[in-house]
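These notes are about the structure you will find just below.
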Amino acid sequence: MKRINLTIIAVVATTIFTFCGRRTDGDDEKTANKNEPSVVAVPVFNQDSAYNFVKTQVDFGPRVPNSKAHENCLEYLSDKLGKFGAEVSIQKGTGTLYDGQKIDIKNIIGTFNPSAEHRILLVAHWDSRPFADQDAERSKHKTPILGANDGASGVGILLEVARNLTTLPENTGIDIILFDVEDYGAPYFYKGDKNENSWCIGSQYWSKNPHKADYRAEYGILLDMVGGLGAKFYKEQYSVRYADNIVEKVWSKAINAGFDGYFVNKRGGYIIDDHLPINNIRNIPTIDIIQYDPSSENGFNRHWHTTKDDMNNIDKNTLYVVGQTVLNVIFDL
Ligand code: AHN
Ligand code: ZN
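Start counting the sequence shown at 50; every next residue gets the next number (the numbering used here).
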């Protein structure tokens with residue numbers, strides 16, 4: 050009996066070995082040198098998977114702070130990050146809205162390789178705006194937005210990045226932070242006394258109160274509005290001011306990968322976004338990858354802060370080029 054089993058195992062093993070041997074085209078001899086550090090391949094970003102992560106968020110409805118959809122989405126996002134191997138925590142805090150009202154903040158933090166000293170910070174915002182105040186129809190200006198592009202796209206890409214971190218080298222740490230209350234800035238129709246800095250409440254809070262004392266990362270990348278059909282990414286000007294070398298690194302990775310139809314080698318606008326407090330308060334050089342349209346009035350895409358920011362405007366190719374670029378940068382090959 051034993052001998053038969055061993056024979057079967059030997060045959061199966063030989064078959065597998067032969068199969069694998071063919072698949073590597075005989076290259077295994079070159080890479081088999083045990084004295085050389087192993088080279089990790091860059092994972093392939095799956096655009097369908099990312100698209101589903103975007104859609105699932107949007108299906109909850111507008112993720113306006115304090116809403117049921119917001120609460121449900123929090124659970125979904127922290128559960129996903131945990132399943133992809135992150136140490137997950139929810140940072141809770143309080144902020145002040147444009148009109149002086151207090152607001153609860155729930156920043157979602159996923160840590161990969163917690164003890165690695167060399168760290169990269171990846172961020173996006175997971176809340177969606179309570180007001181479609183740029184909508185063509187005035188009657189919709191107080192309607193909450195779905196934020197498929199404005200919010201969910203960046204988060205969806207980061208979830209797909211997270212799913213691909215199982216082969217992350219041990220000496221690289223990644224922190225994914227999904228900021229809350231980014232998009233509760235004063236609507237144009239508010240005429241009362243205004244609290245300045247009414248955007249980016251969650252990232253301001255984290256920048257002043259990092260989840261770990263003296264938290265450091267080598268650099269940060271913010272993804273905001275990274276799923277739009279026909280999106281172009283210009284070099285956002287605060288990113289250039291604070292983190293020029295990271296802008297260059299990211300744009301050259303993208304252009305080398307053939308994504309020059311999306312990543313434009315020109316400067317865009319100055320955009321107030323979650324990267325600003327990270328640069329100003331935390332002093333971590335952080336860039337913003339954000340769609341820029343020089344032909345539009347506000348510089349953003351035409352669905353920005355309207356009820357049309359839904360799945361119809363989300364393009365898998367855009368998700369792919371941004372997501373693959375981030376993976377190429379992280380795995381630095
Ligand atoms: C301002 O409109 C001042 N900043 C844009 C930041 C933003 C809003 N990103 C997404 N929504
Ligand atoms: Zn917004």
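Glycine included, every Cβ here is placed at the ideal spot set by N, Cα and C. Computed from a predicted structure; not experimentally measured.
Worksheet item: Relative to the C-alpha of Ile-330, which residue among Trp-255, Glu-186, Asp-108 is closest?
Response: Trp-255
Fill in: Continuous alpha helix (DSSP H) stretch holding Arg-212: start and end
Run containing Arg-212: 203-212, per the alpha helix (DSSP H) assignment.
Worksheet item: Should Gly-234 be counted as a contact of the ligand AHN given a C-beta to heavy atom distance under 7 Å?
Response: yes
Fill in: As assigned by DSSP and simplified to three states, the class of Asp-153
strand
Item to complete: Pull up the DSSP beta-bridge partners for Asp-224, would you.
Response: Thr-160, Leu-170
Discussion item. Is Arg-112 near the ligand ZN - that is, is its Cβ less than 7 Å away from at least one heavy atom of it?
Written reply: no
Worksheet item: Say the cut is 7 Å; is the CB of His-354 nearer than that to a heavy atom of the ligand ZN?
Response: At least one heavy atom of the ligand ZN falls within 7 Å of the beta-carbon of His-354.
Worksheet item: Glu-120: beta carbon under 7 Å from a heavy atom of the ligand AHN?
Response: Incorrect: Glu-120 has no Cβ contact closer than 7 Å to the ligand AHN.
Item to complete: Pick out whichever of Ser-138, His-167, Glu-124 has its Cα sitting closest to the Cα of Ile-379.
Response: Ranking Ser-138, His-167, Glu-124 by Cα distance to Ile-379 puts His-167 first.
Practice prompt. Compute the distance between the beta-carbons of Tyr-147 and Tyr-237, then report whether it is under 8 Å.
Written response: no
Fill in: Local Cβ density within 10 Å of Val-172, reported as buried at 16 or more and exposed below that
Counting Cβ neighbours within 10 Å, Val-172 comes out buried, since at least 16 surround it.
Worksheet entry | First and last residue of the uninterrupted beta strand (DSSP E) at Lys-315 | 312-316
Practice prompt. Reducing DSSP to helix, strand and coil, say where Glu-136 ends up.
Written response: strand
Fill in: Under the three-state DSSP convention, the category Gln-183 falls into
coil
Discussion item. Using 8 Å as the threshold, is the C-beta distance between Gly-276 and Thr-367 below it?
Written reply: yes
Discussion item. Does the structure place the region 152-165 close enough to the region 128-142 that three or more beta carbon pairs sit under 8 Å?
Written reply: yes
Practice prompt. Tell me whether Thr-374 sits in a helix, a strand or coil according to DSSP, three-state version.
Written response: Note: Thr-374 maps to helix in three-state DSSP.
Worksheet item: Out of curiosity, what's the CA-to-CA distance linking Gly-110 and Ala-99?
Response: 18 Å
Worksheet entry | Burial state of Val-375 (16 or more Cβ within 10 Å) | buried
Worksheet entry | For Tyr-30, the three-state DSSP class (helix, strand or coil) | As shown, the chain starts at 50 and ends at 382. That puts residue 30 outside it, with no answer to give.
Worksheet item: Do the region 183-202 and the region 356-364 make contact, defined as three or more Cβ pairs closer than 8 Å?
Response: Between the region 183-202 and the region 356-364, the count of Cβ pairs shorter than 8 Å is three or higher; the stretches touch.
Worksheet item: Around the C-beta of Arg-212, are 16 or more other C-beta atoms found within 10 angstroms, so that it is buried, or is it exposed?
Response: buried
Discussion item. Which residue wins for smallest C-alpha separation from Gly-142, given the options Lys-257, Ala-306, Asp-273, Asn-377?
Written reply: Minimum Cα distance to Gly-142 is reached at Lys-257.
Item to complete: Using 7 Å as the cut-off, classify the Cβ of Asp-199 as near or not near the heavy atoms of the ligand AHN, replying yes or no.
Response: yes
Discussion item. Less than 8 Å between the beta carbons of His-354 and Gln-106, yes or no?
Written reply: no
Worksheet item: Taking Cβ positions, are Trp-300 and Lys-281 nearer each other than 8 Å?
Response: no
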